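Reading through the structure tokens given below for one structure.
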Amino acid sequence: MANRNKHNPPVTLKAVAKHLGLTPGTVSSVLNNSPACRSVPGHTRNRIFAAARELDYKPNFLARALRVKRTNTIGVIAAEIGDPYGSLVISGIERYLREKDFFYLTMVHRHENELLECYSRLLLERGVEGLITIDTSIARPLPLPAVAVAGRRTVEGVTNIIIDHRTAVLDALQHLIELGHRDIAFMKGPETSSDAEDRWNCILGVARELDICIRPELIVEMDDPEGRAVLTPENSYPFAMELLGRRRPFTALFAYNDNSAIAAVRVFQDAGLRVPKDVSVIGFDDIQAATYTSPTLTTVRQPLKKMGEIAASTLLDRIADRGEYVREIAIEPQFVVRQSTGPARTHRLRPTRSRSRPGRFPASSAP
Amino acid sequence: MKPRSKKADRARKPSATLKAVAERVNLTPSTVSHVLTDSPAARSVPQKTKDRILAAARRLNYQPNFFARSLKVKRSHTIGVIAVEIGDAYSSLVIGGIERYLRKRDFFFLTVAHRHDKKLLATYESMLQQRGVEGFITVDTALNGQPPLPTVAIAGHRRINRVTNIVLDHRRAAWLALNHLVDQGHEKIAFMKGSPASSDSEERWNAICEVSEKLRIRIRPELILQLEGTDPTPNLGYPAAKQLVASQHPFTALFAYNDISAIGSIRAFQQAGLGVPEDVSVVGFDDIQSAAYLSPPLTTVRQPLQEMGEIAARALLDRIEKQAKHVAEISIAPEFVVRDSTAPPHHRRAMVSSAESDAAQRGRDLLQPASG
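In the order they appear, the protein sequences are chains A and B.
Sequential numbering from 7 applies to the first sequence in the numbering used here.
Sequential numbering from 72 applies to the second sequence in the numbering used here.
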């Protein structure tokens with residue numbers, strides 16, 4: 007490709023052969039260490055290597071890819087790359103591919119679903135040997151091996167890497183119950199987020215088991231009218247405001263992710279509530295920023311980098327035809343207790359401040 | 072590269088070649104190629120024939136071979152992105168911007184992370200070149216010399232032949248931050264110097280020195296903190312800020328190296344019983360996503376990271392495609408975002424008495440739109 011540039015026109019195999027007075031076939035067999043080169047004498051081989059070095063010969067990747075029908079490239083289709091979730095998963099993918107001499111092309115759809123089809127086709131045209139999708143819902147089987155990080159649908163040929171939501175939710179809710187919380191508010195993820203439905207179903211199931219009453223007035227659904235919410239703290243902020251604005255008593259919040267938890271902590275603190283003294287908050291993901299806030303965030307850790315590595319190794323195994331196809335790989339979450347959760351308040355919220363303020367909790371936590 | 076096993080080859084559904092399509096419709100491959108690529112030569116082909124070709128291509132699942140085409144036209148429409156890391160707030164926003172722009176121009180990119188490994192960095196350049204990339208964008212990466220392809224360096228500071236540096240206007244950034252602190256009445260300002268491994272460190276420090284002189288701020292050696300390492304967590308600023316407090320040199324404000332080190336510093340100050348901003352004002356740098364959500368929300372210099380990625384991608388593609396003239400440097404204007412981590416010095420008494428009503432006022436203001 008470089009020969010569009012005035013400098014360094016690439017040295018071809020032909021040029022190396024000409025320089026040596028040998029046939030390109032001989033040079034190629036030696037440089038590629040093919041079985042045919044066994045008949046080439048050692049000193050000739052050394053001459054060839056020396057000349058290749060001297061002339062700075064680099065094999066043409068594209069020509070080679072065309073011949074052996076291998077590109078050692080995969081495609082990564084992500085909902086977002088600038089966010090902590092996507093970037094950590096991609097970082098894990100990159101780390102694994104590096105070890106295996108694979109490269110990847112990245113495409114970001116920002117939840118514009120019509121792009122997904124188009125992207126997988128474009129990547130296919132570029133000879134990728136497999137696909138990893140991140141927080142992207144795949145509707146139809148793809149024409150090549152695929153692994154979906156946080157894939158929720160069962161699609162033929164696609165391996166889903168998913169966090170064990172049941173364990174995650176159980177850990178979080180049990181923690182709150184042990185701290186005496188009964189009035190728990192929830193921020194529910196938007197439909198566009200792959201994990202939202204699964205996690206919500208687990209919340210409903212676990213809440214029943216633990217005898218937690220889920221009240222509709224304490225649920226905020228973070229649905230973006232445009233249907234492509236990227237859950238930054240900014241985008242989550244209005245939903246936390248909405249929850250507080252309903253003036254229903256609660257002592258704890260289980261947010262959809264760390265970003266929405268961070269936004270909620272800010273909203274609560276700005277309204278004069280103390281976290282965790284007045285309200286406990288639990289996030290999800292354990293992004294780096296979970297330790298930046300004050301208080302630091304109690305959260306469910308998804309090992310995002312590791313999930314990326316597992317996705318990459320699963321895909322490469324499938325490409326190399328090693329190992330069986332599995333529909334699903336469940337990842338164990340880890341519950342991380344930090345400062346944003348504490349015992350449920352038994353005190354009344356100070357009435358002098360709450361009385362005049364719209365949006366404050368009613369003073370009592372009793373239903 | 073090991074050849075794939077036969078079994079795997081069978082498992083993959085083959086797509087038809089151009090030749091196969093041509094045979095099916097009983098035309099020459101070049102006619103079929105003209106029609107499928109919609110080249111000017113296709114104008115002479117009757118519409119009926121065109122329809123037949125398109126139908127056959129669809130039926131046979133013909134997919135143009137990108138590599139064959141690349142070889143012929145000697146273009147790959149791919150660039151290489153070489154970053155120090157991918158999972159951190161800085162790079163991921165920059166790369167997000169790069170992607171956004173490349174998409175518009177139908178370009179692809181391969182990403183590699185060197186994680187400060189110099190040897191790896193050198194290998195990457197030639198590996199990516201072998202894969203046919205047409206140029207490089209480096210992110211927070213010190214280049215060892217002139218790269219073999221057109222290159223744009225984000226936060227590149229060394230003048231290197233054929234490399235376009237995208238740099239924040241550090242003088243403007245320093246001016247915005249220091250002018251704000253001086254306006255509020257700060258004189259004893261502590262400074263954090265970035266680690267030599269971070270590509271912005273030197274430039275930013277020189278800008279601070281220059282602007283300080285203009286604003287007549289005395290830089291006191293005892294108030295200069297040198298950061299060690301490039302830990303991407305708040306541990307970056309914490310020990311330095313702790314030392315500063317322990318040294319007992321009086322100061323009323325800190326200009327941190329970046330937001331992450333500002334967060335670590337605030338933690339150290341708060342643990343030492345110092346309030347931010349009542350006792351110490353803190354200014355960060357970058358405006359990372361969570362800066363607005365800290366306690367207190369951080370006053371900071373905003374680098375438009377995503378935009379910097381887009382600008383880098385545009386500069387590179389213009390060089391590759393339009394043979395645009397080489398520009399040595401593109402300067403990006405910073406913004407200054409005033410939040411709650413800065414306040415006039417020595418206002419502790421006044422601040423404490425009004426702290427509660429401040430919070431109450433904020434709460435009222437914030438809750439107004441939601442509740443009515």
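Ideal Cβ placement from N, Cα and C applies to all residues, glycine included.
All figures in this text were calculated on a predicted structure; none of them were measured in a lab.
Determine the closest residue to Met228 (chain A) out of A:Asp217, A:Ser242, A:Ile220, with distance taken between C-alpha atoms. Here residue 228 (chain A) is taken as the residue at index 222 of the first sequence, counted from 1. That would be A:Ser242, whose Cα lies nearest to the Cα of Met228 (chain A).
Cβ-based neighbour list, Glu223 (chain A), same chain, cut-off 8 Å, excluding 5 preceding and 5 following: Here residue 223 (chain A) is taken as the residue at index 217 of the first sequence, counted from 1. If we look at Glu223 (chain A) and ignore the five residues flanking it on each side, its Cβ neighbours are Arg252, Arg254.
How big is the Cα-Cα spacing for Glu197 (chain A) and Asp302 (chain B)? Looking up residue 197 (chain A) in the first sequence gives position 191. Looking up residue 302 (chain B) in the second sequence gives position 231. The alpha-carbon atoms of Glu197 (chain A) and Asp302 (chain B) are separated by roughly 36 Å.
Do you know offhand how far Arg214 (chain A)'s Cα is from Ile220 (chain A)'s? What you label residue 214 (chain A) is simply residue 208 of the first sequence in a count that begins at 1. What you label residue 220 (chain A) is simply residue 214 of the first sequence in a count that begins at 1. Roughly 9 Å separates the two Cα atoms.
Along the chain, where does the alpha helix (DSSP H) that runs through Asp264 (chain A) open and close? Position 258 of the first sequence, counted from the first residue, corresponds to residue 264 (chain A). 264-276 is the span of the alpha helix (DSSP H), which, as asked, contains Asp264 (chain A).
With a cut-off of 8 Å, do at least 3 Cβ pairs link the stretch 179-188 of chain B to the stretch 149-168 of chain B? yes
Where does Arg333 (chain A) sit, in a helix, a strand or coil, going by DSSP? Taking the first residue of the first sequence as 1, we reach residue 333 (chain A) at position 327. Correct three-state label for Arg333 (chain A): coil.
I'd like to check one pair, Ile231 (chain B) with Leu387 (chain B): are the Cβ atoms closer than 7 Å? Locating residue 387 (chain B) in the second sequence gives position 316, where the first residue counts as 1. Locating residue 231 (chain B) in the second sequence gives position 160, where the first residue counts as 1. No.
For Ala421 (chain B), I'd like the list of residues in its chain whose CB is within less than 8 Å of its CB, leaving aside the five on either flank, ordered along the chain. On the second sequence, residue 421 (chain B) is found 350 positions in, with the first residue counted as 1. Since pLDDT at Ala421 (chain B) reaches only 42, below the 50 mark, its modelled position is unreliable, and the value read off the structure follows with that caveat. Counting only Cβ-Cβ distances below 8 Å, and skipping sequence neighbours, we find nothing.
Mind checking Asn207 (chain A): buried by the 16 CB within 10 Å criterion, or exposed? Mapped onto the first sequence, residue 207 (chain A) falls at position 201. By the 10 Å Cβ count, Asn207 (chain A) comes out exposed.
Of all Cβ atoms in chain A, is any one closer than 7 Å to the Cβ of Ser270 (chain B)? In the second sequence, counting from the first residue as 1, residue 270 (chain B) sits at position 199. So no, Ser270 (chain B) is outside the interface.
What separation, rounded to the nearest whole angstrom, lies between the Cα atoms of Glu86 (chain A) and Gly167 (chain B)? What you label residue 86 (chain A) is simply residue 80 of the first sequence in a count that begins at 1. What you label residue 167 (chain B) is simply residue 96 of the second sequence in a count that begins at 1. So the alpha carbons of these two residues sit roughly 8 Å apart.
Quick one: what does DSSP say Thr160 (chain A) is sitting in, helix, strand or coil? Position 154 of the first sequence, counted from the start, is the residue given in the question as residue 160 (chain A). It is coil, neither helix nor strand.
For Lys24 (chain A), count neighbouring C-beta atoms within 10 Å of its own C-beta (all shown protein chains included) and say buried if the count is 16 or more, exposed if not. Here residue 24 (chain A) refers to the residue found at position 18 of the first sequence. Exposed.
Using the beta-carbon of each residue, which ones in chain A are nearer than 9 Å to Ala184 (chain B)? As a working mapping, residue 184 (chain B) is identified with position 113 in the second sequence. Neighbours of Ala184 (chain B) on chain A, chain order: Ser97, Glu100, Arg101, Arg104.
By DSSP, does Gly346 (chain B) sit in helix, in strand, or in coil? The residue given as residue 346 (chain B) occupies position 275 in the second sequence. Gly346 (chain B): coil per DSSP, three-state reduction.
Let me check understanding here. Comparing Cα to Cα, which of A:Thr18, A:Val114, A:Ile167, A:Thr32 lies closest to Lys175 (chain B)? Numbered from its first residue, the second sequence carries residue 175 (chain B) at position 104. Measuring from the Cα of Lys175 (chain B), the nearest candidate turns out to be A:Val114.
Of the residues B:Ala404, B:Glu378, B:Arg390, B:Val409, the one placed nearest Leu369 (chain B), counting alpha carbons only: As a working note, residue 369 (chain B) is residue 298 in the second sequence. If we check each option's Cα against that of Leu369 (chain B), B:Val409 comes out closest.
Neighbouring residues, chain B, relative to Thr238 (chain A) (Cβ below 9 Å): The count along the first sequence starts at 1 and reaches residue 238 (chain A) at position 232. Ordered by position in chain B, the residues that pass the 9 Å Cβ test against Thr238 (chain A) are Gln360.
If we cut at 7 Å on Cβ distances, does Phe326 (chain B) have a partner in chain A? Position 255 of the second sequence, counting from 1, holds the residue named residue 326 (chain B). Answer no: the Cβ-Cβ gap between Phe326 (chain B) and chain A never drops below 7 Å.
Determine the closest residue to Leu150 (chain A) out of A:Ser143, A:Ala156, A:Arg158, A:Val164, with distance taken between C-alpha atoms. For the purposes of this step, residue 150 (chain A) is taken as the residue at position 144 of the first sequence. For the residues A:Ser143, A:Ala156, A:Arg158, A:Val164, the minimum Cα distance to Leu150 (chain A) belongs to A:Val164.
Going by beta-carbon coordinates alone, are Tyr110 (chain A) and Ile83 (chain A) separated by less than 7 Å? Taking the first residue of the first sequence as position 1, residue 110 (chain A) is located at position 104. Taking the first residue of the first sequence as position 1, residue 83 (chain A) is located at position 77. No; because the gap between Cβ atoms is not below 7 Å, this pair is not in contact.
For Pro405 (chain B), which residues from the same chain have a beta carbon less than 7 Å from its beta carbon, with the 5 sequence-adjacent residues on both sides left out? Taking the first residue of the second sequence as 1, we reach residue 405 (chain B) at position 334. Taken in chain order, the residues that qualify are Leu239, Asp240, Arg243, Ala244, Leu247, Val372, Arg373, Gln374.
For Ser319 (chain A), report the span of its alpha helix (DSSP H) as first-last. Taking the first residue of the first sequence as 1, we reach residue 319 (chain A) at position 313. Per DSSP, Ser319 (chain A) belongs to the alpha helix (DSSP H) from 310-325.
Checking 7 Å against the spacing of the C-beta atoms, do Val165 (chain B) and Gly380 (chain B) come in under that value? The count along the second sequence starts at 1 and reaches residue 165 (chain B) at position 94. The count along the second sequence starts at 1 and reaches residue 380 (chain B) at position 309. In this structure, Gly380 (chain B) lies closer than 7 Å to Val165 (chain B) by Cβ.
Around the Cβ of Asn132 (chain B), are there at least 16 other Cβ atoms within 10 angstroms (buried) or fewer (exposed)? Within the second sequence, the letter at position 61 stands for residue 132 (chain B). Asn132 (chain B) should be labelled exposed.
I'd like the span of the alpha helix (DSSP H) that includes Phe178 (chain B), first residue to last. Against the second sequence, residue 178 (chain B) aligns to sequence position 107. Counting along the chain, Phe178 (chain B) falls outside any alpha helix (DSSP H), and DSSP gives it neither H nor E.
Are Ile260 (chain B) and Ala324 (chain B) close, meaning C-beta to C-beta below 7 Å? Position 189 of the second sequence holds residue 260 (chain B). Position 253 of the second sequence holds residue 324 (chain B). The answer is yes: Cβ separation under 7 Å.
DSSP has Gly355 (chain B) in a bridge; who is on the other side? Counted from its first residue, the second sequence places residue 355 (chain B) at position 284. BP columns for Gly355 (chain B) point to B:Thr371.
Taking CB distances under 7 Å as the criterion, tell me whether Glu196 (chain B) reaches chain A. Against the second sequence, residue 196 (chain B) aligns to sequence position 125. So, not an interface residue.
What does a CB cutoff of less than 8 Å around Leu210 (chain A) pick up in its chain, not counting 5 residues either side in sequence? On the first sequence, position 204 is the one that residue 210 (chain A) refers to. Excluding positions up to five away in sequence, the list reads Ile220.
Does DSSP put Ser147 (chain B) in a helix, in a strand, or in coil? Translated into positions along the second sequence, residue 147 (chain B) becomes position 76. Correct three-state label for Ser147 (chain B): coil.
Touching by the beta-carbon criterion (3+ pairs, under 8 Å), the stretch 311-331 of chain B and the stretch 349-364 of chain B: yes
Does DSSP classify Gly92 (chain A) as helix, strand or coil? Numbered from 1 along the first sequence, position 86 holds the residue referred to as residue 92 (chain A). It is helical.
Mind reading off the beta-carbon distance from Thr32 (chain A) to Val46 (chain A)? Whole number of angstroms is fine, and I expect it under 8 Å. Position 26 of the first sequence, counted from the start, is the residue given in the question as residue 32 (chain A). Position 40 of the first sequence, counted from the start, is the residue given in the question as residue 46 (chain A). Indeed, because the Cβ distance is near 6 Å, the residues count as touching under 8 Å.
Going by DSSP, name the residue or residues bridged to Lys377 (chain A). Within the shown structure, residues of chain A are numbered from 7 to 373, placing residue 377 (chain A) beyond reach of any answer.
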